[in-house]
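Sequence order for the protein chains is H and X. Letter by letter, the first sequence follows residues 16 to 186 in my numbering. Letter by letter, the second sequence follows residues 3 to 359 in my numbering. Note that beta-carbon positions come from the ideal geometry of N, C-alpha and C, so glycine has one too.
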Amino acid sequence: MASKKIPITRISKFFSSEDFQLEQNVGMEWLHGDMHFTLVLFRVDGKLSDVDDVYGESGPEEIRYKSPVEFNAYVKIEQPKLDSYAGGLVKDLEPGNMTLGVYIKHLNELDIDVNYGDYIGYAETEDKMRYYVVTNDGRVTSDNQHTIGGYKAFYRTIICSYVSPNEFKGV
Amino acid sequence: MALPKQVKKNLNITPNPVQGHYPSGYNGITTPNRRRELANLITDDGTYLPKSVLHADMDRGMLDFVEDKLKTVSNGKKVNVIDRILTLQRWAELSQTWKFSTSDKNVDLPFIVVVRNPEVQYGTNPALQYTIPDRKQFHYAKVPTWDGNRKGYDIYTIPQPVPVDIIYDVKIVCNRMRELNNFNRVVLQNFTSRQAYTFIKGHYIPIVMNSIGDESKIDTEERRYYQQNYQFQLQGFLLDEEEFEVKPAISRELVMFGFDEKERQKEGKGSPKNPDKVNTKLTFGVGVNELVLNYDYKVNISALRIKNVDSYSFYINNLPHTINEVLMINPGDVLVIEVVKNTSGVATLTLQEKLIY
């Protein structure tokens, strides 16, 4: 049974569903056509993965992924973080968090969803791919910033943190 | 006046023994039934050896304890328990909570979660602490074997288990005081005597309640919810089957010697041969001029030395014999020796006897 739909009529004096579609399409054309930041989404298949029955964990060879999907998003990567293990004795320099702005319509067209814990690959150079894990899937888009004039949300902000090759290095 | 029938005239003030089949107490020889039953639980569905009890087994035991013993009902519905120890792997969290999550994929309240403190300390259970050094192996079982030809035994030995203490925070997150009360009641009823037990691979492992804390979020402008933390200490032990040893006992012993025939021992270097000659010194005291000797074996005799003897005579079975060099005597013969002394003092005559085979 289809879920009940509620018509959105706010700011209807100045803005309509057609305007929303137009704004969204213009934005997508700019982001996907001009900017063209491309990323690869590796979605963990929780059903097929071989998980530990106490911790729910899997080793690198035990995790199963759905087919990787390329998608476009606006990418912002923070400065690298210099940290250390063992109280400053073992240096660790790694990329900062990656924040993605992705159109909800784009995800729907690709028929994918980005979930907490999924992995995302981003090609920094021709021969270097960095991998990140989703730490905030941005599923909640209730704030004004994610809407066009308060009409309806049109994008999600996804925050990812760097993962070491020990945890994930592509499939 | 007679006492009423209800009044007992004889009271047994000696309590009954705990184990009915040991009326005088445990005799230290046969295994009590209950102990045998517990041992069967440990080796159930497996080998003669106990199964490993490691960290994951104790975590599973704690989860089972929370699921079974701390089961809480709210409004006729069981409060959800996240049936995993949550770890750093992010997607695993979602895969364990999707059954009771909202459309935003947040966990629906109320729920109970078990959080294990990552560090595991050396145990405080006094029964296992620092009692035996150096991972010494102890006899656990003697198991009969049969290889088709020979019967034997295998000796199974295991070291003393390593005691560990694991701290768990069991948290209930809910919106209503009634749910808190229900959970609190269940916990306190289980821990009235401070500790409760979980059952892990045939072993009863004690769990001690440390503390109860409140971490509720009650802000004026934020979402409110209750969160209470019950801290438990599981006093377990590590029993690692990698440390078990199975050794064959002696089934039959065959001792073999090998000789190198090339290197024979040279003659003369061995132990001396048994002598076939014996010198017997006969003493004739003052006033004694005759001695009688009975023989049970065949010998040749001869006079070797004389002292204070002028002349001597030999009589075998009363027949006189003159001895020139050698005189043969048969078994059962009686030899009489007469001497004529030079003086009246002590005289000696030494006989040499050579055994004849």
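Contact between X/ILE87 and X/ARG137 is absent: CB atoms are separated by about 28 Å, not below the 8 Å threshold. In its chain, beyond the 5 residues on either side, TYR50, TYR158 have a beta carbon closer than 6 Å to the beta carbon of X/ALA143. For X/ILE174, same chain residues with a beta-carbon under 6 Å away, outside a window of 5 residues either side, are ILE114, PHE185, GLN230 in chain order. CA-CA distance, H/LEU125 to X/ILE214, rounds to 49 Å.
At a cut-off of 8 Å between C-beta atoms, X/ASP47 does not count as an interface residue with respect to chain H. With its beta carbon less than 8 Å from one in chain H, X/TRP93 belongs to the interface. Listed along chain X, no residue sits closer than 9 Å to H/THR156 by beta-carbon distance, the nearest being about 10 Å off. X/LYS249 is the residue among X/GLY204, X/LYS249, X/ILE339, X/GLN8 whose C-alpha sits nearest the C-alpha of X/HIS141. Distance between X/ASP66 and X/THR45, taken at the CA atoms: about 20 Å. Within the segment 56-92 of chain H, not a single complete alpha helix (DSSP H) segment reaches 4 residues in length. A contact between stretches requires three or more CB pairs, one per stretch, nearer than 8 Å, and the segment 335-346 of chain X meets this requirement with the segment 283-296 of chain X. Excluding sequence positions up to five before and after H/ASP98, its CB lies within less than 6 Å of the CB of ASP107, all in the same chain and listed in chain order.
Take the alpha-carbon of H/LEU122 and the one of H/ASN130: they are about 12 Å apart.
Chain order gives the chain H residues near X/LEU96 as GLY61, ASN130, TYR131, GLY132, where near means a beta carbon separation below 8 Å. Rounded to the nearest angstrom, the gap between the Cα atoms of H/LEU104 and H/LYS96 is 16 Å. When only Cα atoms are considered, H/GLY42 and H/LYS167 end up about 15 Å apart. Within chain X, the C-beta atoms nearer than 8 Å to that of H/VAL66 come from ALA94, SER97, in chain order.
Between H/TYR170 and H/VAL117, the C-beta spacing is below 8 Å. Partner residues in a beta bridge of X/SER346, as assigned by DSSP, do not exist. X/SER76 has its alpha-carbon roughly 47 Å from the corresponding atom of H/GLY102.
With respect to the 8 Å criterion, X/PHE239 and X/VAL122 are not classified as neighbours on the basis of their beta carbons. Contact check for X/GLU39 against X/ILE160 fails: the beta carbons are separated by 8 Å or more.
For X/VAL188, the enclosing alpha helix (DSSP H) starts and ends at 179-192. Of all C-beta pairs linking the segment 103-110 of chain X to the segment 66-82 of chain H, fewer than three are shorter than 8 Å, placing the two stretches out of contact. At a cut-off of 8 Å, the C-beta of X/THR33 has no neighbouring C-beta in chain H. Remark: C-beta atoms of X/TYR359 and X/PRO333 do not approach each other more closely than 8 Å. When the alpha-carbon of X/TYR170 is set against those of X/LYS219, X/GLN233, X/ASN127, X/ARG187, the nearest one is in X/GLN233. With respect to the 8 Å criterion, X/ALA58 and H/VAL66 are not classified as neighbours on the basis of their beta carbons. Excluding residues up to 5 positions away in sequence, nothing lies with its Cβ nearer than 7 Å to the Cβ of H/SER157 in the same chain.
Note on geometry: alpha-carbon atoms of H/ASP142 and H/ASN40 lie some 32 Å from one another.
Scanning the segment 130-160 of chain X for uninterrupted beta strand (DSSP E) segments of 3 residues or longer gives 139-148, listed from N- to C-terminal end.
X/ARG86 has a beta carbon lying within less than 8 Å of a beta carbon in chain H.
By the neighbour-count definition (other C-beta atoms within 10 Å, threshold 16), X/TYR206 is an exposed residue. Ranked by Cα distance from X/LYS79, the first of X/TRP148, X/ARG180, X/PRO6, X/LEU90 is X/ARG180.
Listed along the chain, the chain H residues whose CB falls inside 8 Å of the CB of X/THR89 are TYR70, GLY71, GLU72. By the rule that beta-carbons nearer than 8 Å mark a contact, X/ARG180 does not touch chain H.
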